[in-house]
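Residue numbers (this note's numbering), protein chains in the order written: chain A, 661 to 759; chain B, 12 to 487. Here a beta-carbon is modelled for each residue, glycine too, at the ideal position from N, C-alpha and C.
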Amino acid sequence: MSISRSDVEHVAKLARIHLSESEKEYYAEQLSAIFGYIDQLNEVDTTQVEGTVQVTGLSNIAREDMVMECSQDVVQDIQNQFPQKSCDLLQVKQILSDT
Amino acid sequence: MELHTLSIAEARKGLDDKQFSSVELTQACLARIAQRNDEINAFITVTEELALAEAQKADKRIAQGEVEMLTGIPFGVKDAICVQGVRTTGAAKILDNYTAPYEATVITRIRKQGAVLLGKQNCDGFSHGASNENSMYGPVKNPTDTTKVPGGSSGGSAAAVADNQCIFSIGGDTGGSIRQPASFCGVVGMRPSYGRNSRYGIMALASSLDTIGPFAKTVEDAAVLMEIMAGHDPKDATTVADHIPDYRKKSQTDIAGLKIGVPKEYFSQDGADQEVQERIYQNIEALETQGCSIVEVSLPHTKYAIAAYYVLMSSEDSSNLARLDGIRYGVQEVQDTLYNTYSNSRAEGFPEEVKRRIMMGTYALSAGYYDAYYKKAQKVRTCIAQDFETVFSQVDVLVSPTSPFTAFGIGEKSQDPLSMYLADVLVSPASLAGVPALSVPVGAASNGLPIGLQVIGPRLGESCVLQVGHNIFNNQ
Chain A
661 MSISRSDVEH VAKLARIHLS ESEKEYYAEQ LSAIFGYIDQ LNEVDTTQVE
711 GTVQVTGLSN IAREDMVMEC SQDVVQDIQN QFPQKSCDLL QVKQILSDT
Chain B
12 MELHTLSIAE ARKGLDDKQF SSVELTQACL ARIAQRNDEI NAFITVTEEL
62 ALAEAQKADK RIAQGEVEML TGIPFGVKDA ICVQGVRTTG AAKILDNYTA
112 PYEATVITRI RKQGAVLLGK QNCDGFSHGA SNENSMYGPV KNPTDTTKVP
162 GGSSGGSAAA VADNQCIFSI GGDTGGSIRQ PASFCGVVGM RPSYGRNSRY
212 GIMALASSLD TIGPFAKTVE DAAVLMEIMA GHDPKDATTV ADHIPDYRKK
262 SQTDIAGLKI GVPKEYFSQD GADQEVQERI YQNIEALETQ GCSIVEVSLP
312 HTKYAIAAYY VLMSSEDSSN LARLDGIRYG VQEVQDTLYN TYSNSRAEGF
362 PEEVKRRIMM GTYALSAGYY DAYYKKAQKV RTCIAQDFET VFSQVDVLVS
412 PTSPFTAFGI GEKSQDPLSM YLADVLVSPA SLAGVPALSV PVGAASNGLP
462 IGLQVIGPRL GESCVLQVGH NIFNNQ
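As structure tokens, then:
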């Protein structure tokens, strides 16, 4: 499996990770080797096999959808983590453009 | 008496007999950390003030006779597990300033008993690695030989126990991150069955594989910790409500009559160290002498475990780590647009291995590749789990090396990610199957480095794993 530099650019864009030009080359080479190794999964005949999504055997674990109490201290602790804020509100960059 | 070298059982006895106080025991561990942390680098954050305050409280509890197993015992926690009010970085700069506003359920259970938190332990960034070289706070060194890695990802937690900087540690095991460092550092480490211990409060790597488990100086201590950590948690819907056995008592029962499986694929790895294999065989012979029957078994899909693991783990990982964007918490790299703020915060704040795995997972899940990689790997996971189911209809536990070799050199594999991934070849299959496994130290190789023996059991078969492990541990 060969993963090109443009594949890496595409994936890095999807993953929101800025890469330098040299990193793109570097990761293209490494990911090619890794997926080359992963390709050996094709040796396994899985035509009659169901995929495993979980191993507990549990199903339909549900709980009441209730609003739980949260102390003001915890609210404050969470707000204190905001990198940018206005008063006690989380401040983010503009998401929708004017145009 | 060197207090910091004690096991949980020994420290409990000393505290209860008033030979020393929890403050004295805690001070001994803090002094050991202060003396060794520059070199070993096992702790990212030391909570000295908190530890001494908790130790004083524990001494009061002991004086009032309100003693539980861990009251007054100092411990450390992998920095990928949240402790409320304590800096929790995941060993990545994107969370350099993060203080957890909530706490992992297993840590709350341990702290409720009055255990004393010494600090947060170094690990591979967001638990990505098998050598602890992927920490943005510098590598951890193996206490036996500081030119060697301690293993990973929970390398600081293993090294701290091996170096007697704490009485026990709590780490996480997704694809081997407790067992492999336990093996490299010469301590006991247990991965529970998936769903046995709550995952609430661990920084998620791969949600269908993550587990939290103990590092300890003895198997008895590991059994004690498992009893306290195990059990259903409403905050983790994948925890099972099954009865929690008396692990400590059961681990001390006679092993005669047990059937021990020896998986032939675990002894035929390329690059495996002969000396490691011979040591494991010697221990298997000792089990036979004590009345166990030894059966050679086959797990034919073992060779595909690493490939399946890396597809599934990186896919889940790329989704889980999407939440780290520098917006609501962590370190933000302010840029002109929201997109650039995301992509630069992530570029600066993640270690290289994290970026690599996010890209692998994003690629495996992207349009056109999902069936070929992700779905295929899920099916191979079924084959691997069925291998275990089949052998556990014939034997009680499996015994193998934990790692095909002893600790490798710092820098030896860090330039070649694939060879690093292959270091987990004997630990990732049990992870995929969700079964419990324990690494027990079985002495040193001629190079002086510890050798680890792995005991793997059927789902929720921790008792038998600990029973065989305890016996092997006591025979060293």
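Residue range of the unbroken alpha helix (DSSP H) whose run includes residue i
{"i": "G372(B)", "result": "E363 to L376"}
{"i": "P743(A)", "result": "That residue, P743(A), is in no alpha helix (DSSP H); it is neither H nor E in DSSP."}
{"i": "T119(B)", "result": "T116 to K123"}
{"i": "G167(B)", "result": "G166 to A173"}
{"i": "E710(A)", "result": "Premise fails: E710(A) is in no alpha helix (DSSP H) and is neither H nor E."}
{"i": "F195(B)", "result": "R190 to C196"}
Contacts around residue i, its chain only, beta-carbon distance under 6 angstroms, and the 5 residues preceding and following it disregarded
{"i": "H243(B)", "result": "T250 and A252"}
{"i": "A241(B)", "result": "R207, N208 and I255"}
{"i": "C177(B)", "result": "C40, P85, F86, G87, L129 and A171"}
{"i": "E286(B)", "result": "A456"}
{"i": "D184(B)", "result": "R202, T222 and G224"}
{"i": "S442(B)", "result": "G186 and L220"}
{"i": "P440(B)", "result": "T313, A316 and I395"}
Three-state secondary structure (DSSP) of residue i
{"i": "V671(A)", "result": "helix"}
{"i": "P274(B)", "result": "strand"}
{"i": "A45(B)", "result": "helix"}
{"i": "T401(B)", "result": "helix"}
{"i": "T132(B)", "result": "Thr is not the amino acid found at residue 132(B); the sequence shown has Gln there. Correct three-state label for Q132(B): strand."}
{"i": "R290(B)", "result": "helix"}
{"i": "Q346(B)", "result": "coil"}
{"i": "K489(B)", "result": "Look at the range of chain B in this structure, 12 to 487, and you will see that residue 489(B) is not part of it."}
{"i": "S680(A)", "result": "coil"}
{"i": "E307(B)", "result": "strand"}
{"i": "L749(A)", "result": "strand"}
{"i": "M201(B)", "result": "strand"}
{"i": "P440(B)", "result": "helix"}
{"i": "A241(B)", "result": "strand"}
{"i": "G570(B)", "result": "The displayed coordinates of chain B run from 12 to 487. Any statement about residue 570(B) would go beyond what the structure contains."}
{"i": "D232(B)", "result": "helix"}
{"i": "N208(B)", "result": "strand"}
{"i": "I721(A)", "result": "coil"}
{"i": "N153(B)", "result": "strand"}
{"i": "A418(B)", "result": "coil"}
N- and C-terminal bounds of the beta strand (DSSP E) containing residue i
{"i": "K89(B)", "result": "P85 to K89"}
{"i": "R98(B)", "result": "Unbroken run through R98(B): none, as it is neither H nor E."}
{"i": "P225(B)", "result": "I223 to A227"}
{"i": "G463(B)", "result": "P461 to I467"}
Reference residue i; option with closest CA among the options
{"i": "V308(B)", "options": "R120(B), F403(B) and V88(B)", "result": "F403(B)"}
{"i": "Q465(B)", "options": "D70(B), Y109(B), K314(B) and G197(B)", "result": "G197(B)"}
{"i": "S3(B)", "options": "V752(A), P743(A), V713(A) and V734(A)", "result": "Within the shown structure, residues of chain B are numbered from 12 to 487, placing residue 3(B) beyond reach of any answer."}
{"i": "K246(B)", "options": "N485(B), P225(B) and Y113(B)", "result": "Y113(B)"}
{"i": "Q751(A)", "options": "R339(B), R122(B), K29(B) and T401(B)", "result": "R339(B)"}
{"i": "V476(B)", "options": "T401(B), I421(B), V406(B) and M431(B)", "result": "V406(B)"}
{"i": "G166(B)", "options": "E21(B), V451(B), Q191(B) and Q30(B)", "result": "Q191(B)"}
{"i": "K29(B)", "options": "L17(B), E60(B) and A74(B)", "result": "A74(B)"}
{"i": "P161(B)", "options": "F179(B), L471(B), Q67(B) and P461(B)", "result": "P461(B)"}
{"i": "V704(A)", "options": "R290(B), G200(B), S142(B) and A316(B)", "result": "A316(B)"}
{"i": "G341(B)", "options": "S329(B), N355(B), D328(B) and T82(B)", "result": "N355(B)"}
{"i": "L718(A)", "options": "L14(B), Y205(B) and G163(B)", "result": "Y205(B)"}
{"i": "T229(B)", "options": "V199(B), T222(B) and E238(B)", "result": "V199(B)"}
{"i": "G711(A)", "options": "Y384(B), Q46(B) and A234(B)", "result": "Y384(B)"}
{"i": "G163(B)", "options": "P154(B), P362(B), N145(B) and D156(B)", "result": "N145(B)"}
{"i": "K24(B)", "options": "E60(B), I55(B), L61(B) and L81(B)", "result": "L81(B)"}
Residues near residue i by beta carbon distance below 8 angstroms, same chain, minus five either side
{"i": "E276(B)", "result": "S309, L310, P311, T313 and K314"}
{"i": "I266(B)", "result": "L298, Q301, G302, C303, Q478, V479 and N482"}
{"i": "I295(B)", "result": "I271, V273, I305 and V410"}
Same chain only: Cβ atoms within 7 angstroms of residue i, ignoring 5 sequence neighbours per side
{"i": "C93(B)", "result": "T99, A111, Y113, E114, A115 and G212"}
{"i": "I118(B)", "result": "V88, I92, V94, I181 and G212"}
{"i": "D70(B)", "result": "S32, S33, V34 and G83"}
{"i": "T373(B)", "result": "S329"}
{"i": "I663(A)", "result": "A688, L691, S692 and F695"}
{"i": "V446(B)", "result": "S204, F399, I467, G468, P469 and R470"}
Beta carbon proximity, residue i to chain C, threshold 7 angstroms
{"i": "D737(A)", "result": "In the displayed structure, chain C is absent; the protein chains listed are A and B."}
heavy atom of the ligand SAH below 6 angstroms from residue i C-beta
{"i": "I305(B)", "result": "You won't find the ligand SAH in this model; it holds no ligand whatsoever."}
Practice problem: Check distances from the C-beta atoms of the stretch 386-401 of chain B to those of chain A and list, in chain order, the residues that come in under 9 angstroms. | Solution: K386, K387, A388, Q389, K390, V391, R392, T393, C394, I395, A396 and Q397
Quiz item: What residues in the stretch 420-443 of chain B bring their beta carbon closer than 9 angstroms to a beta carbon of chain A?
Solution: D427, P428, L429, Y432, L433 and L443
Practice problem: Using a Cβ-Cβ cut-off of less than 8 angstroms, give me the residues of the stretch 53-79 of chain B that come near chain A, in sequence order. | Solution: none
Quiz item: In the stretch 694-723 of chain A, which residues sit with their C-beta less than 7 angstroms from some C-beta in chain B, listed in chain order?
Solution: I694, Y697, I698, Q700, L701, V704, T706, V709, E710, G711, T712, V713, Q714, V715, T716, L718, I721 and R723
Quiz item: If contact means a Cβ-Cβ distance below 7 angstroms, which residues of the stretch 363-374 of chain B contact chain A?
Solution: K366, R367, I369, M370, M371, T373 and Y374
Self-check item: Residues of the stretch 215-232 of chain B with Cβ closer than 7 angstroms to any Cβ of chain A, in chain order
Solution: S219
Practice problem: Please name the residues in the stretch 175-204 of chain B whose beta-carbon is closer than 8 angstroms to at least one beta-carbon of chain A, in chain order. | Solution: none
Quiz item: Given a limit of 8 angstroms on CB to CB distance, which residues of the stretch 237-261 of chain B reach chain A?
Solution: P245, A248, T249 and V251
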